[in-house]
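**Q** Here it is, the structure, as structure tokens.
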Amino acid sequence: MHADEVDIDADLVRRLVGGRFPQWADLPVERLASGGTVNAIYRLGDALTVRLPLTAGGVKALNRENRWLPHLAAALPVTIPTVVGVGEAAEGYPFAWSVHRWISGENPIEGRLTEAGPLARDLAVFVKALRGIDANGGPSSYRGVPLSDVDAETRTAIGELRHMDEPFHADAALAAWEEALTAAPWTSSPCWVHGDLMPSNLLVAGGRLVAVLDFAAAGTGDPACDLIPAWNLLPPTARRVFRDVLEVDDETWMRGRGWALSMALVQLPYYRDTNPVVSANARHVLREILGSQGAPPSPGAKR
């Protein structure tokens with residue numbers, strides 16, 4: 001997925017685990033299919049997972065999780081990852097890596113949810129609980145910043161959309177993005193945010209949220225970025241439930257939609273040929289936000 005990505009395979013993971021944690025050396029190792037973009041994830045036996053950063057940038061995210069997951073866990077209504085061990089660079093692998101406890105559940109899939117109201121409520125309760133944690137001393141989240149901070153990146157992605165064989169009209173995307181930029185900025189105190197509530201970072205069982213994964217983007221800032229499940233996962237009726245439970249004002253809702261739009265626009269060209277999970281979700285978001293306005297004009301139509 002990334003030009004500077006390191007090579008990782010099951011044999012390397014076995015050697016790393018055996019050297020750092022000999023008590024787990026005989027456990028089976030299996031690569032997990034994942035839509036993740038920061039780490040390679042391997043299942044270790046029945047009760048553990050190994051997370052290995054794919055690039056140097058992932059090490060900062062790993063350190064953030066190691067530091068803050070214990071602080072957040074007690075205040076949240078669902079399970080989040082538990083770090084049980086940290087390894088260092090070895091066996092030709094250049095980065096630190098971590099071992100987490102296995103959490104059972106399945107990733108929800110956009111466009112396939114039925115009776116999504118309970119899941120929408122669960123997500124809202126999680127976001128509300130996260131916002132309620134004391135943010136003093138917390139690190140800033142790169143998605144807790146004003147939308148204007150990602151304006152240049154988003155416009156570049158819209159420019160790429162004009163040259164891609166995709167069923168989305170770049171002018172409609174640009175109009176939606178410029179509308180989002182008109183939303184009033186967040187002026188209250190920073191809140192804790194997850195920053196990456198993609199379906200691949202959620203686990204469900206029986207239609208209910210049981211765990212939230214991957215806190216690499218977690219930190220403090222504008223809570224609007226945690227509204228992205230409204231467009232990347234929830235159908236319209238459940239979207240309204242999500243908003244009502246969180247009691248979101250119009251300006252914050254508009255910024256949240258802007259984050260969902262920006263993320264999808266940036267992800268689609270970058271992961272189009274390398275990560276089918278992320279690129280499929282990006283297309284779903286664009287359909288949800290742009291609707292019929294996002295379709296290219298018919299031949300001969302005025303633009």
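Going by the UniProt record's numbering, the first residue of the sequence shown is number 1, and it counts up by one from there. Virtual Cβ for every residue (Gly too), placed ideally from N, Cα, C.
1) Taking the straight line between their C-alpha atoms, what separation do you get for V86 and V59?
2) Pick out whichever of G195, D7 and H2 has its Cα sitting closest to the Cα of E91.
3) Alpha carbon to alpha carbon, how far is A238 from R14?
4) In this structure, what does DSSP give as the bridge partners for P53?
5) Entirely within the region 49 to 106 and at least 3 residues each: give me those beta strand (DSSP E) ranges in chain order.
6) Counting only beta-carbon atoms, is L48 nearer than 8 angstroms to chain B?
7) Buried or exposed for P81, please, with buried defined as at least 16 other CB atoms from any protein chain shown within 10 angstroms of its CB.
8) Per DSSP, which residues does C191 bridge with? Please list them.
9) How many angstroms separate the CA atom of G137 from the CA atom of R51?
10) Out of L147, L234, N201 and L123, point me to the one whose CA is closest to T252's CA.
11) Going by other Cβ atoms of all chains shown within 10 Å of its Cβ, with 16 needed for buried, is P229 buried or exposed?
12) Roughly how many whole angstroms lie between the Cα atoms of V78 and D196?
13) For a quick check, are the C-beta atoms of I41 and L32 less than 8 angstroms apart?
14) Please list, in chain order, all residues of the same chain as V212 whose beta carbon is under 7 angstroms from its beta carbon, the five residues on each side excluded.
15) Per DSSP, which residues does L44 bridge with? Please list them.
16) What three-state label does DSSP hand R208 in the structure shown?
17) Kindly provide the ranges of any beta strand (DSSP E) runs that are 3 or more residues long and lie completely inside the region 96 to 178, ordered along the chain.
18) Comparing C-alpha positions only, which one of G57, L130 and R43 sits nearest to H71?
**A** Considering the structure as presented:
1) Within the sequence shown, the letter at position 86 stands for residue 86. Within the sequence shown, the letter at position 59 stands for residue 59. Approximately 12 angstroms between the Cα atoms of the pair.
2) As a working note, residue 91 is residue 91 in the sequence shown. Looking at the Cα atoms, D7 is the closest of the given residues.
3) To locate residue 238, count along the sequence shown from 1; it is residue 238. To locate residue 14, count along the sequence shown from 1; it is residue 14. If I take the Cα positions, the gap works out to 43 angstroms.
4) Within the sequence shown, numbered from 1, the residue matching residue 53 stands at position 53. Bridge partners of P53: N39.
5) 83 to 87 and 97 to 101
6) Reference to chain B is not applicable here, since this structure consists of a single protein chain.
7) The residue you call residue 81 lines up with position 81 of the sequence shown. Buried.
8) Sequence index remark: in the sequence shown, residue 191 carries index 191 (1-based). Looking at the DSSP assignment, C191 forms a beta bridge with G221.
9) Along the sequence shown, one-based indexing puts residue 137 at 137. Along the sequence shown, one-based indexing puts residue 51 at 51. Going from the Cα of G137 to the Cα of R51 covers about 26 angstroms.
10) Your numbering for residue 252 matches position 252 in the sequence shown. With distances taken between Cα atoms, T252 lies closest to L147.
11) As a first step, residue 229 must be located in the sequence shown, where it is residue number 229. P229 comes out buried.
12) As a position in the sequence shown, residue 78 is number 78, starting the count at 1. As a position in the sequence shown, residue 196 is number 196, starting the count at 1. So the two alpha carbons sit approximately 16 angstroms from each other.
13) Numbered from its first residue, the sequence shown carries residue 41 at position 41. Numbered from its first residue, the sequence shown carries residue 32 at position 32. Contact: yes.
14) Looking up residue 212 in the sequence shown gives position 212. Closer than 7 angstroms at Cβ, skipping near neighbours: V78, I80, F126, H194, N201 and L202.
15) Translated into positions along the sequence shown, residue 44 becomes position 44. DSSP, once it has assigned bridges, lists V29 and L48 as partnering L44.
16) Against the sequence shown, residue 208 aligns to sequence position 208. DSSP places R208 in strand when its eight states are reduced to three.
17) 97 to 101
18) As a first step, residue 71 must be located in the sequence shown, where it is residue number 71. Per the Cα distances, L130.
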